[in-house]
Each structure stands twice: as structure tokens, then as C-alpha cells.
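Numbering (this note's numbering), first residue to last: 6 to 215.
Cβ coordinates follow ideal geometry from the N, Cα and C atoms, glycine included.
Just below is one structure, and these are the notes that go with it.
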């Protein structure tokens, strides 16, 4: 029954994505997170890490409107979408961060999103550790480019690294919650860490990509 329900729900959101023109059903996850936490406002500057194929960026563009800025970053090439800047690059490389900064000029981002996930190896311990590493990479980017009071959202696979990562996020943000959108598969181990009100109190020195 559970597997049948999971497959039906997956099929439902896939069909909805096709019907509405979203490039991925994960767009509905972001919509549900936004409905609950109101991270993204009109005219905001939003950075979407791991943006391919562009579903989250589509949702963000609808939310920020014509005066907002949406920048999607991914290792893969992303087909263009009107009103969205896509950068192909590795977020662990300084040159990619500089590309993002060049796009927003002397401003800071209001929101940094990460739906990044590792290539699945089949070994959950390895996959979970890689997921946590990606989250640390996303957090480092957020610390670099977020304005004080800005927000951060990232996906992580639950496991032994989750608690320590959440504690790290709590050092940087006033409010930190975890959330599982309805659009996630019931059997999925993924959760989203929602962090609001960035505390820009010091220069970050203890997070690396290593």
C-alpha cells in the first residue's frame, strides 16, 4: 500500500509538472516550502545552487517578479529561461563565486537555495556523507554572498552528519527548522533545512570545501 501510494504521488507531481510547464516535479517541493516559510519575496535576489534542469528557478522567478534577480548555478548546462541567469560552474571554485558576485554587482543575495544531491552510489553511508558535504559547500556560498537577515535553504539526506550540520547552521542563522514537503516521496530520506535571518557577525574562517 505504501509503495503504491508513493508511486501514485510521484506520478501525480510528474503530471502536474508537465501540465504547468515546470521542468521538474521538485518545483512543487519549493512551492510547499515557500507556502510554509515565506522565504522568497517580490523583488528579491535569489541564488539557486544545483539548479538543473531549472524547475526551482522557474518557481523563484514567479515569486520575485520582473524586478527580482534569479541566478541558477550548476555543473551542467541548463537550457535558457526568460528572465533567469544560468551559470555553468563548480560552486567550490572561487571563480564561480566571483561570477555570481559579478551578476549581482555590489549587492548581496536575499536568499540562497540548494537542492543539490550527490550521484547515488547505492551505499547510503557514502551518499549521506556526500550530501552533507554538498550542504557545507552551499552554506559556505551563503555565508559569502547573503545579506544580514537573508535566508538559506538546503536539502540533506538524513544520517549521522545531519545533526552536526544543523548545529553549524544554527550558529549562522536566528531560526533553523527542518521540513519534509508533501511532494517528497514518503520513502525518501531527504529533508530540507530552512534557515532564516542570517547573522553576519564575523568573518567566516572555519568552513572549507575539503
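Using 10 angstroms around the beta-carbon of residue 59, count the other beta-carbons present and answer buried if the total reaches 16, otherwise exposed.
On the chain shown, position 54 is the one that residue 59 refers to. Answer is buried; the Cβ neighbour count reaches 16.
If you compare alpha carbons, which of 72, 96, 48, 50 is closest to residue 140?
Looking up residue 140 in the chain shown gives position 135. Of the listed residues, the one whose Cα sits closest to residue 140 is 96.
Nearest-angstrom Cα distance between residue 102 and residue 188?
Counting from one through the chain shown, the residue named residue 102 turns up at place 97. Counting from one through the chain shown, the residue named residue 188 turns up at place 183. Whole-angstrom Cα-Cα distance: 31 Å.
Which one or two residues does DSSP pair with residue 156 in a beta bridge?
The residue you call residue 156 lines up with position 151 of the chain shown. In the DSSP output, where bridge partners are listed per residue, residue 156 has 116.
Look up residue 200 in the DSSP assignment and give the residues it is bridged to.
Here residue 200 is taken as the residue at index 195 of the chain shown, counted from 1. Its beta-bridge partners are 157, 181.
Quick one: residues in its chain with C-beta nearer than 7 Å to the C-beta of residue 45, no 5 flanking neighbours on either side, listed in chain order?
Reading the chain shown from its first residue, position 40 is the one you call residue 45. Cβ within range, chain order: 39, 51, 65, 68, 69, 116.
Hey, how far is the Cα of residue 148 from the Cα of residue 41?
For the purposes of this step, residue 148 is identified with residue 143 of the chain shown, where counting begins at 1. For the purposes of this step, residue 41 is identified with residue 36 of the chain shown, where counting begins at 1. For the pair residue 148 and residue 41, the Cα-to-Cα distance works out to about 24 Å.
Are the beta-carbon atoms of residue 2 and residue 121 separated by less than 9 Å?
Because the chain in this structure spans residues 6 to 215, residue 2 falls outside the shown range and cannot be described.
For residue 167, count neighbouring Cβ atoms within 10 angstroms of its own Cβ and tell me buried if that reaches 16, exposed if not.
As a first step, residue 167 is located in the chain shown; it is residue number 162 there, counting from the start. Buried.
Where do the ends of the beta strand (DSSP E) carrying residue 74 lie?
As a working mapping, residue 74 is identified with position 69 in the chain shown. Its beta strand (DSSP E) spans residues 74 to 79.
For the alpha helix (DSSP H) holding residue 63, just list the boundary residues, first then last.
Position 58 of the chain shown, counted from the first residue, corresponds to residue 63. That run of the alpha helix (DSSP H) goes 60 to 69.
For residue 133, which three-state DSSP category applies?
Residue 133 sits at position 128 when you count from the first residue of the chain shown. Residue 133 falls in the helix class under three-state DSSP.
What would DSSP say about residue 50, mapped onto helix, strand or coil?
By 1-based counting over the chain shown, the position of residue 50 is 45. Looking at residue 50 - three-state DSSP - the assignment turns out to be strand.
Which residues mark the beginning and the end of the alpha helix (DSSP H) in which residue 37 is found?
Position 32 of the chain shown holds residue 37. For residue 37, the enclosing alpha helix (DSSP H) stretches over residues 32 to 42.
At the level of alpha carbons, what is the spacing between residue 63 and residue 134?
Position 58 of the chain shown holds residue 63. Position 129 of the chain shown holds residue 134. Going from the Cα of residue 63 to the Cα of residue 134 covers about 29 Å.
Please report the distance separating the alpha-carbon of residue 114 from that of residue 49.
Position 109 of the chain shown, counting from 1, holds the residue named residue 114. Position 44 of the chain shown, counting from 1, holds the residue named residue 49. Going by the C-alpha atoms only, they are around 8 Å apart.
DSSP three-state assignment for residue 86, whether helix, strand or coil:
Translated into the one-based positions of the chain shown, residue 86 becomes position 81. Residue 86 falls in the coil class under three-state DSSP.
How far does the alpha helix (DSSP H) with residue 105 in it extend, from its first residue to its last?
Looking up residue 105 in the chain shown gives position 100. Segment 99 to 109, the alpha helix (DSSP H) holding residue 105.
Identified DSSP bridge partners for residue 149
As a working mapping, residue 149 is identified with position 144 in the chain shown. Beta-bridge pairing links residue 149 to no other residue.
Please classify residue 176: does DSSP put it in a helix, a strand, or coil?
For this step, residue 176 is matched to residue 171 along the chain shown. Correct three-state label for residue 176: helix.
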